[in-house]
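*Asks:*
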Amino acid sequence: MTANASGALVLFSGGQDSTVCLAYALERYECVETVGFDYGQRHGVELECRKRVRSEIARRFPARGERLGPDHMIDIASFGAIGDTALTSDAEIEMLASGLPSTFVPGRNLVFFVYAAALGYRRGLTTLVGGMCETDYSGYPDCRDATLRALEQAIRLGTEIPFEIETPLMWRTKAETWALAHELGGDTLVGLIVEETHTCYRGERGLRHDWGYGCGTCPACELRARGFAEWQEGGTEGKPHRQSG
Ligand code: ZN
368 MTANASGALV LFSGGQDSTV CLAYALERYE CVETVGFDYG QRHGVELECR KRVRSEIARR
428 FPARGERLGP DHMIDIASFG AIGDTALTSD AEIEMLASGL PSTFVPGRNL VFFVYAAALG
488 YRRGLTTLVG GMCETDYSGY PDCRDATLRA LEQAIRLGTE IPFEIETPLM WRTKAETWAL
548 AHELGGDTLV GLIVEETHTC YRGERGLRHD WGYGCGTCPA CELRARGFAE WQEGGTEGKP
608 HRQSG
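As numbered in our numbering, residues 368 to 612 make up the sequence shown, in order.
In structure tokens form, the structure reads like this:
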């Protein structure tokens with residue numbers, strides 16, 4: 368496929384999904400930049416992972432590394448702080464006990480894309496790429512395709528720039544996301560995702576599973592582990608490969 372001369376800005380957290388999105392964008396766009404949001408996460412693990420993932424992609428895939436432009440970190444701590452105030456109801460605190468992130472605030476992806484559009488406007492990047500998915504997901508309404516299509520329209524109207532929100536994982540199961548990683552970068556990319564990306568809500572990096580690091584019991588770990596197992600069993604397109612520890 369010929370790379371698109373226009374640029375893309377990838378919403379990049381250092382997790383599995385956004386790493387696959389970064390690899391996807393590097394195959395399609397001449398110039399790719401990344402943006403991350405620091406909203407006061409309890410653990411900085413993801414923020415550390417994003418640096419390593421970027422440098423490892425550039426090292427292991429030099430041609431794609433040449434297309435990889437600057438990384439941008441945006442501090443949105445005031446948004447994250449909403450989750451820590453008295454506005455948080457007891458019901459939401461119960462959700463936290465089950466493993467959802469302590470700083471989870473509804474509508475987070477809406478905020479991310481508005482910031483990304485403002486940044487993209489300044490950087491001349493009109494494609495915004497995000498790893499949202501409504502196939503295997505935790506049920507957040509701001510991950511749904513209908514939400515993001517409406518947001519794309521609002522951003523276009525509000526900036527008079529024909530921004531596109533691309534969500535390559537929207538209709539893929541987690542197993543299909545592993546298959547896409549393999550399609551994009553073979554065992555090298557799959558290995559990089561296993562070793563370097565972070566998904567666990569609890570910030571656990573001590574335990575190494577065949578699918579990567581994490582507590583293994585929070586909803587994010589469960590989704591990642593199940594998807595990996597399904598992919599390894601060969602239930603989806605893409606050749607399954609055993610990862611050696
Ligand atoms: Zn976990």
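Think of the CB as a built atom: it goes at the ideal place given N, C-alpha and C, for glycine as much as any other residue. Predicted model, so just to flag it, every value in this text is computed and none were measured.
Excluding the five sequence neighbours on either side, which residues of its own chain have a C-beta within less than 6 Å of the C-beta of R593, listed in chain order?
*Replies:* none
*Asks:* List the DSSP bridge partners of L376.
*Replies:* In the DSSP output, where bridge partners are listed per residue, L376 has E400 and L495.
*Asks:* Report the partner residues of L435 according to the DSSP bridge assignment.
*Replies:* V399
*Asks:* Using a threshold of 8 Å, state whether the C-beta atoms of T386 and I560 are closer than that.
*Replies:* yes
*Asks:* Just the Cα atoms here: how many angstroms apart are E571 and R490?
*Replies:* 35 Å
*Asks:* Roughly how many angstroms lie between the CA atoms of A484 and T526, to the nearest whole one?
*Replies:* One C-alpha to the other measures close to 9 Å.
*Asks:* Check whether the Cβ atoms of G327 and R417 lie closer than 8 Å to each other.
*Replies:* Examination of residue 327 is not possible in this model, given that the chain is present from 368 through 612 alone.
*Asks:* Helix, strand or coil for Y580? Go by DSSP, reduced to three states.
*Replies:* strand
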